[in-house]
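For reference, the structure discussed in these notes is given below.
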Amino acid sequence: MKINGVAIEDTFAEAFTMRVARIVITGRNLKWAREAALKLTGFATSVIGCKVEAGIERELAPAETPDGRPGLSVLFLTMDKESLPQQLVVRLGQTVLTCATTACFDGLPDAPDRLTVGKALRVFGDGFQASKVIGGKRYWRIPVMEGEFLVEETFGMQKGVGGGNFLILAEDADHALEAAEAAVDAMTNQPGVILPFPGGVVRSGSKVGSKRYKSMIATTNDAFSPTLRAVTASQVPDGVNSVLEIVLDGTDGPSIEAAMRVGIRAACRPGVRSISAGNYGGKLGPHHFHLRRIMSNGP
Amino acid sequence: MSDVVTLVLTQAPDHALVANCILPDHFAALSAQEIASLPVTHGGRAARLGDFFKVSGERSASVRLEGNLEKVEGIGAGMAGGELAIDGSVGRDLGLAMAGGRIDVRGGAGDNAGGARPGAAKGMSGGEIIVRGSVGDDAATRMRRGLLVVMGDAGRGAGRGMIAGTVVLFGKAGPGAARFLKRGSIVSLGKLERPATFRYACTYRPPHVALLFRHLRAHAGVPVNDRHLAGRYERYSGDFAELGKGEILQWVGE
Numbered sequence: 036m037k038i039n040g041v042a043i044e045d046t047f048a049e050a051f052t053m054r055v056a057r058i059v060i061t062g063r064n065l066k067w068a069r070e071a072a073l074k075l076t077g078f079a080t081s082v083i084g085c086k087v088e089a090g091i092e093r094e095l096a097p098a099e100t101p102d103g104r105p106g107l108s109v110l111f112l113t114m115d116k117e118s119l120p121q122q123l124v125v126r127l128g129q130t131v132l133t134c135a136t137t138a139c140f141d142g143l144p145d146a147p148d149r150l151t152v153g154k155a156l157r158v159f160g161d162g163f164q165a166s167k168v169i170g171g172k173r174y175w176r177i178p179v180m181e182g183e184f185l186v187e188e189t190f191g192m193q194k195g196v197g198g199g200n201f202l203i204l205a206e207d208a209d210h211a212l213e214a215a216e217a218a219v220d221a222m223t224n225q226p227g228v229i230l231p232f233p234g235g236v237v238r239s240g241s242k243v244g245s246k247r248y249k250s251m252i253a254t255t256n257d258a259f260s261p262t263l264r265a266v267t268a269s270q271v272p273d274g275v276n277s278v279l280e281i282v283l284d285g286t287d288g289p290s291i292e293a294a295m296r297v298g299i300r301a302a303c304r305p306g307v308r309s310i311s312a313g314n315y316g317g318k319l320g321p322h323h324f325h326l327r328r329i330m331s332n333g334p
Numbered sequence: 380m381s382d383v384v385t386l387v388l389t390q391a392p393d394h395a396l397v398a399n400c401i402l403p404d405h406f407a408a409l410s411a412q413e414i415a416s417l418p419v420t421h422g423g424r425a426a427r428l429g430d431f432f433k434v435s436g437e438r439s440a441s442v443r444l445e446g447n448l449e450k451v452e453g454i455g456a457g458m459a460g461g462e463l464a465i466d467g468s469v470g471r472d473l474g475l476a477m478a479g480g481r482i483d484v485r486g487g488a489g490d491n492a493g494g495a496r497p498g499a500a501k502g503m504s505g506g507e508i509i510v511r512g513s514v515g516d517d518a519a520t521r522m523r524r525g526l527l528v529v530m531g532d533a534g535r536g537a538g539r540g541m542i543a544g545t546v547v548l549f550g551k552a553g554p555g556a557a558r559f560l561k562r563g564s565i566v567s568l569g570k571l572e573r574p575a576t577f578r579y580a581c582t583y584r585p586p587h588v589a590l591l592f593r594h595l596r597a598h599a600g601v602p603v604n605d606r607h608l609a610g611r612y613e614r615y616s617g618d619f620a621e622l623g624k625g626e627i628l629q630w631v632g633e
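One line per chain: the protein sequences are A and B, in this order. Everything in the first sequence is counted per this note's numbering, starting at 36 for the first residue and increasing by one. Everything in the second sequence is counted per this note's numbering, starting at 380 for the first residue and increasing by one.
What follows is the structure in structure tokens.
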């Protein structure tokens, strides 16, 4: 299978079930909502080292937010139920509560699992906080020097998917980066999906464990590292000199598939030889995103 | 089961008609005949709801009332859920000690709307009451939780002794409003004579007021002006004759 002359490998991305929350951050304008969202999602590329994966899902128009101000939705994912509220409390408390003009709302109101994040944050008010029930939901008003920080009492948690991916195998690093940037542009603002790595792109894809260091749980993906072609069981084809990976997390499989479809299509451009994906033989993750099936379906 | 139970006043009461049996959450399990058989008191004498109202529909928690109901008292008293839409003005004790659901009055209401039973420590403990006209005295007395919106004026003592909850007054408030407020909020868009036991805190744009007004616009069709939604409010803390954890939010401009 080829798209614009770029080979789509007959392989699949293998992804895992995670727990996800959606946070809606609003601000006086988009600048301040983004300031908070960027701090909130900082150092949240991979659960391997950060314990959480997070990113901006999309911009929200004033009509889409509870308080009618511009905002952003952010997805937060962890491997287990317990660490998601812990991460949210710590991070929201240090990044959104502190950020001028912002307010913070739940973006998964129908999720039955509720995390009492706002309830935990309320104690910053030192007893001066107050709650309001509006439309059946409780909000906490936490007095701060600026005025008041408003945060919803509970946030929904549901099962999500982490680790969707595809690899861009290109003739050189410049073409790999151009293709990756095009893919990220196409996938930006796709509902239900985040790209948790810097600029949405990963240059250091990893394999499980280490050939040499027992303490390492993940090390470089030598099979796709062009400089190691001659010294390892390389999967880098002839003519390929740079590989970049796009990692996708999301609320559900179909959302990730939809984003992969537009991202891969955008990445198929001159200088790219093929599109592949990372997997573990299908034995570790329950979600398998077959590239050719994805690219054969949909618009 | 029908979409809505409609009660149309066919026999105007000569005296006060206490109809605290009009409860959408109860109507959800009753046939039209059972609803018509519910007991009321007319001038202190026992009667049936069907003696005054024509009932159509059954087994629905969505209820509509039509007619001149100014002598009908206790509508929705103790209501715990459902929706009650009223075309016209009603008498006293509307939503007395209400616990849940929504009452929307396209008219005015008498004394003690969303208030407390005599001698009770707390009044309304949940739900929403929207009165498109004015209310009498003692609205939202000893409210523990919930929301009362008055788009007209309020009589004396609105929000007296509130324990928590929210009262929104679009018009002016009579004397004694907010007196002995423990917690809770009175959002005043008109003129309100503050008790001397409240202290000025600051002038700001309270984020929860914007959220509340957007909710009222979207889910109750309350026509809130942008200047109120995004406006500046003076915050007065009080009542310091009580806990002092309540507030009057007085709109002062855009």
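Backbone N, C-alpha and C define an ideal beta-carbon position, used for all residues, glycine too.
Start-to-end residues for the beta strand (DSSP E) that takes in residue i
i: residue 573 of chain B; result: Note, residue 573 of chain B: premise wrong, no beta strand (DSSP E); not H, not E.
i: residue 257 of chain A; result: Where residue 257 of chain A is concerned, there is no enclosing beta strand (DSSP E), given that its DSSP letter is neither H nor E.
i: residue 197 of chain A; result: 190-205
i: residue 325 of chain A; result: 322-325
i: residue 184 of chain A; result: 182-187
i: residue 468 of chain B; result: Unbroken run through residue 468 of chain B: none, as it is neither H nor E.
i: residue 592 of chain B; result: First-last for residue 592 of chain B: 586-599, but that is the alpha helix (DSSP H), not the beta strand (DSSP E).
i: residue 421 of chain B; result: 418-421
i: residue 285 of chain A; result: 277-285
i: residue 448 of chain B; result: Unbroken run through residue 448 of chain B: none, as it is neither H nor E.
Distance between beta carbons of residue j and residue i, contact taken as under 8 Å
i: residue 327 of chain A; j: residue 42 of chain A; result: So it is not a contact: roughly 10 Å between Cβ atoms.
i: residue 196 of chain A; j: residue 291 of chain A; result: 6 Å
i: residue 443 of chain B; j: residue 464 of chain B; result: 5 Å
i: residue 105 of chain A; j: residue 68 of chain A; result: 6 Å
i: residue 521 of chain B; j: residue 501 of chain B; result: 5 Å
Cβ-Cβ distance between residue i and residue j below 8 Å
i: residue 227 of chain A; j: residue 189 of chain A; result: no
i: residue 586 of chain B; j: residue 102 of chain A; result: yes
i: residue 314 of chain A; j: residue 46 of chain A; result: yes
i: residue 56 of chain A; j: residue 119 of chain A; result: yes
i: residue 475 of chain B; j: residue 506 of chain B; result: no
i: residue 439 of chain B; j: residue 459 of chain B; result: no
i: residue 537 of chain B; j: residue 547 of chain B; result: no
i: residue 140 of chain A; j: residue 82 of chain A; result: no
i: residue 480 of chain B; j: residue 467 of chain B; result: no
i: residue 114 of chain A; j: residue 146 of chain A; result: no
i: residue 588 of chain B; j: residue 612 of chain B; result: yes
i: residue 132 of chain A; j: residue 110 of chain A; result: no
i: residue 91 of chain A; j: residue 107 of chain A; result: yes
i: residue 341 of chain A; j: residue 229 of chain A; result: Nothing about residue 341 of chain A can be reported from this structure: the residues present for chain A run from 36 to 334 only.
i: residue 402 of chain B; j: residue 455 of chain B; result: yes
i: residue 306 of chain A; j: residue 220 of chain A; result: no
Residue i - partner residues in DSSP beta bridges
i: residue 506 of chain B; result: Paired residues: none, contrary to the question.
i: residue 629 of chain B; result: B/567, B/613
i: residue 175 of chain A; result: A/166, A/186
i: residue 111 of chain A; result: A/56, A/89
i: residue 582 of chain B; result: B/613
i: residue 250 of chain A; result: Beta-bridge pairing links residue 250 of chain A to no other residue.
Host alpha helix (DSSP H) of residue i (start-end)
i: residue 413 of chain B; result: 411-415
i: residue 117 of chain A; result: Counting along the chain, residue 117 of chain A falls outside any alpha helix (DSSP H), and DSSP gives it neither H nor E.
i: residue 293 of chain A; result: 288-302
i: residue 406 of chain B; result: 403-406
i: residue 242 of chain A; result: Per DSSP, residue 242 of chain A belongs to no alpha helix (DSSP H); it is in the beta strand (DSSP E), 241-243.
i: residue 148 of chain A; result: Element bounds for residue 148 of chain A: not the alpha helix (DSSP H) but the beta strand (DSSP E), 148-150.
i: residue 214 of chain A; result: 208-222
Given a limit of 7 Å on CB to CB distance, which residues of the stretch 602-632 of chain B reach chain A?
none
Give the residues from the stretch 516-545 of chain B that approach chain A closer than 9 Å (Cβ to any Cβ), ordered along the chain.
Cβ contacts with chain A come from 524, 525, 526, 543, 544, 545.
Which residues, in order along the stretch 588-603 of chain B, keep a beta-carbon less than 7 Å from a beta-carbon of chain A?
589, 590, 591, 593, 594, 598
For the stretch 386-404 of chain B, which residues have a beta carbon sitting closer than 9 Å to at least one beta carbon of chain A?
none
Between the stretch 565-581 of chain B and chain A, which residues of the former have a C-beta closer than 8 Å to a C-beta of the latter?
581
Going along the stretch 156-180 of chain A in order, which residues come within less than 8 Å of chain B, judged by CB to CB distance?
For the stretch 156-180 of chain A, the residues whose beta carbon sits under 8 Å from a beta carbon of chain B are, in order, 165, 167, 168, 169, 170, 174, 176.
Using a beta-carbon distance cut-off of less than 7 Å, what residues from the stretch 89-116 of chain A approach chain B?
101, 102, 103
Taking a cut of 7 Å between CB atoms, which residues from the stretch 473-497 of chain B lie near chain A?
none
To be precise: take each residue of the stretch 134-147 of chain A, compare its Cβ to all Cβ atoms of chain B, and keep it if any distance is under 8 Å. Which residues remain?
138
At a CB distance below 7 Å, what residues from the stretch 182-215 of chain A approach chain B? Give them in sequence order.
182, 183, 185
Give, in chain order, every residue of the stretch 406-418 of chain B whose Cβ lies closer than 8 Å to some Cβ of chain A.
none
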